[in-house]
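Worksheet: one structure, shown below.
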Amino acid sequence: MQFELVSPERKLASEEVDAVRIPGADGDLTAMADHAPTITSLRPGILTIEMSGGERNFAVTGGFAEIGAGVTVLAERALPVADVTQEVFSGWVAEARKASDEAVDDVADAAAKLLADMVAMGDTIGLSA
Amino acid sequence: MPNLKDLKTRIASVKSTRKITKAMQMVAAAKLRRAQDAAESSRPYTERFNAVLGGLAASAGGSDAAPRLLSGTGSDQTQLLIVMTSERGLCGGFNANIAKLAKTHADKLAGQGKTVKILTVGKKGRESMKREYGKYSIGHVDLSEIKRIGYADAARIAADVLKRFDAGEFDVATIFYSKFQSVISQTPTAQQIIPASFEADAEASTLYDYEPSEEAILADLLPRGVATQIFAALLENGASEQGARMSAMDNATRNAGEMIEKLTIQYNRSRQAVITNELIEIISGAEAL
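Listed in order, the protein sequences are those of chains F and P.
Letter 90 of the first sequence, counting from 1, is numbered 483 in our numbering, and no numbers are missing.
Letter 241 of the second sequence, counting from 1, is numbered 247 in our numbering, and no numbers are missing.
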C-alpha cells in the first residue's frame, strides 16, 4: 500500500507500507490495505507507518488523511519524531495555548481540545509542555 | 560635442551599471530556480487538497446547510480585492501588470455600484494603488522581512481575511497575482477564493466515509483551503517576480552594452578629431615659417 505524507511546503514521505496508524479526530485508526475509503481529520498526535523495514513515527499537528487505494496524509505541519525538539514542541504548544486563550464561544472547546491533544502528544514522546 | 573627459566618465558609469544589472540578472536566475522548486514541491499538497475539497464541495455544496465559505453570503455587494505584489522593484512590468488588472477590476465593480475594499500584500502594490485607490484600502500585509515565503505566512494572511469575512466585512474575495508561465511570460490572474469555487468536473469518484462527519470536515477544510490558495498564489508570484526581474535585467544589460558601443565610437571619433586638429595646426605652423 502506498503511503504519502505531504505538507504544503514539501513532500515528507512516500513509502510502500503495510499499515498506517493515524491519530484521527475521533480516535486513532489503523489503515491497512483494502480499508474502506475514508477521509478523516487529524488531531495533534503521532502518526506511525509500519513497513517491512520497521516503523517510522511522525508528529503531526492537524490536517486530514485520505484513505483509498493508498493513504495520503495532508498535514499542515509534520516532522519525524526525532526532529521534534523541546524548542519546536514548546513553540507549537505556545501557539495552541494562545489560540485557546483567545478563542470564544463555540470554538473555545475545539481550541481547548487541540491544546490538550498537543500536550498529550508531548507526553507520548517525552517532551514537557 | 561633449569633450573627451565627459565621454570617458559616461562610458565608465554605463559600464558599472551594466555590471550591476548583469549581477542582478544572475541573482534573479538563482532565486528563480529556488522559487520554482518551492512552487514545485507545494504542488502535491495543493493538488490532493483541491481534489478532496472539490469532491466534498460537490456533494455538500447544494444543501442549504453548506458553510458560508462555500455557498457565499447570498450577496456580492461588498467585494474584497487582495492584491499581491512584490516587495522590491526593478522587475519590469510585473507589479504594474498586477496592479492594472486589479484597477480594471475595481473600476468595473465600482461602476456596478458595488462596494470595493482592497487589501494589499507587498509594498510595490500598495504604492501603485495608493494614489487613486487608497480610499478603498482596508489594510496592508508587509512581507519585506520574510526571506522565504512559508505556509505560516500564507496562513496568517488567510486568518486575517477569514476574520474579516466572519465579521461580515465583505461578501466576495478575489486574489490578484501573477501566474508563472515562463521566464519571459507571466500572466496576471484574478482568482475568486471566497466563496470557494471549484471546477465543476471534480470527479465524485469514490464514495468516502467521513470522520467525524462530512460537514465537520468541510468546515475544517474550507478555511485551510483559503490558506492553501493564498500560499500557492504567493509561490507563483515569487517565481513570476524573479522571472520578470531576470528578463528585465537581461534587457537592461543588453541596452547598456549597446550604449557603451555607441559611446565608445563617439569617443574614438572625437579623439581622432582632436588629433587631426593638432596635426593641422602643427603642419600649418611649419608651413608659415
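Here a beta-carbon is modelled for each residue, glycine too, at the ideal position from N, C-alpha and C.
Query	Result
Whether T433(F) touches A458(F) by CB criterion (7 Å)	yes
Assigned secondary structure, H428(F) (DSSP; H/G/I helix, E/B strand, else coil)	coil
Buried/exposed call for I223(P), threshold 16 Cβ in 10 Å	buried
Cβ pair I124(P), L87(P) closer than 7 Å	yes
R251(P) vs A34(P) beta-carbon contact at 7 Å	yes
Q31(P) (DSSP reduced to helix, strand or coil)	helix
Partner residues on chain P for I432(F), Cβ-Cβ distance less than 7 Å	V58, Y214, Y216 and I223
Listed by chain order, chain F residues near Y51(P) by CB distance under 7 Å	V399, S400, P401 and L467
heavy atom of the ligand NAP below 6 Å from T423(F) C-beta	Absence of the ligand NAP is noted for the structure shown, with no ligands found whatsoever.
Among R414(F), T431(F), E402(F) and D516(F), nearest to V486(F) - alpha-carbon criterion	D516(F)
C-beta atoms of L115(P) and P194(P) nearer than 7 Å	no
Contact residues within the segment 411 to 431 of chain F, judged by C-beta distance below 7 Å to chain P	G417, A418, D419, A429, P430 and T431
Contact check, Q31(P) vs M255(P), beta carbons under 7 Å	yes
7 Å Cβ cutoff met for Y51(P) and P401(F)	yes
Within-7 Å CB hit, K506(F) to chain P	no
Where V497(F) sits in the DSSP three-state scheme	coil
Close-in-space but distant-in-sequence residues of the same chain around D421(F) (CB under 8 Å, 5 per side omitted)	R414, I415 and G438
A492(F) versus A258(P) - alpha carbon distance	49 Å
Contact set between E459(F) and chain P, taken where Cβ atoms lie within less than 8 Å	R54, V58 and Y214
Three-way DSSP call (helix, strand, coil) for T270(P) in this model	helix
Residues near R490(F) in its chain [Cβ-Cβ closer than 7 Å; skip 5 each side]	L508
Test item: CB-CB of A245(P) and F186(P) under 7 Å	yes
Minimum Cβ-Cβ distance from Y157(P) to chain F less than 7 Å	yes
Nearest neighbour of T84(P), chosen from G117(P), A72(P) and H146(P) [CA to CA]	G117(P)
Contact set between S47(P) and chain F, taken where Cβ atoms lie within less than 8 Å	E402, R403 and K404
Residue of E443(F), D419(F) and A418(F) minimising C-alpha distance to E397(F)	E443(F)
E409(F) - containing beta strand (DSSP E), residue span	K404 to E409
Residues near Y214(P) by beta carbon distance below 8 Å, same chain, minus five either side	G61
Exposure of R94(P), with buried meaning 16 or more beta-carbon neighbours within 10 Å	exposed
7 Å Cβ cutoff met for K37(P) and Q198(P)	no
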